[in-house]
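Residue numbers 1464 to 1635, in this note's numbering, belong to the letters of the sequence shown in order. Positions of the beta carbon are idealized from the N, C-alpha and C atoms, including for glycine.
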Amino acid sequence: MSSNVGLSTPRGSGTSGYVQRNLSTLKTRDNAAPYPKDVDELRLRQREPDREIIEHERKRVIEVKVFELRDKLEDEGTNEGDIDDQCDALRKKLTAEQAKNGSGNSGRGLKSHQVHELAKAKIEESEKLRKALGIRKDYEEGSHWKRQEEQKERREKGREEGVVKREERDRD
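Set out below in structure tokens:
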């Protein structure tokens, strides 16, 4: 024991008397701001889905169905050649169906862990809404107020120039 820390004697305490520092205390972080100072960072940015992950998930769903068919046929005792032929036919059929249907997923039926599929569905939904409301692709949030401020400044400049021209006419 040192520096009057811990028990005077570990006898009868049920411990070894070894003293450790408390690792669960939270350190203060004065230097870090809790929010970004940049205005551009505050804008809403939609998460872009990873196309490779979406493609992998699409292929995985097909292969699960093919594997279920293979398992069922093996349990029935079908020979390997027929199993392979039927599995290849099912794989081609499912691939053609998915290609024909496109994404076809409106976000319904997706689980919360399917973040890339959800992000893709959200982007498609936002695009539909943007088209329905007639909003331009290059629209920037708050641009209406910026245009109003610019028009106000132009009017004020025009008034100032008008006053200067009148003063010049009065001098002549």
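Best match in the options for proximity to residue i [C-alpha to C-alpha]
| i | options | result |
| --- | --- | --- |
| A1584 | E1604, D1513, D1551, T1488 | D1513 |
| Q1483 | L1470, R1474, G1625, K1591 | L1470 |
| H1576 | L1489, T1488, K1490, E1520 | E1520 |
Test item: CB-CB of residue i and residue j under 7 Å
| i | j | result |
| --- | --- | --- |
| H1607 | I1517 | no |
| I1546 | R1554 | no |
| R1523 | A1582 | no |
| V1527 | C1550 | no |
| I1598 | L1557 | no |
Boundaries of the alpha helix (DSSP H) in which residue i is found, first to last residue
| i | result |
| --- | --- |
| R1632 | 1606-1634 |
| S1589 | 1578-1596 |
| R1558 | Position check: residue 1558 holds Thr in this sequence, whereas Arg was assumed. Per DSSP, T1558 belongs to the alpha helix (DSSP H) from 1543-1564. |
| K1528 | 1514-1539 |
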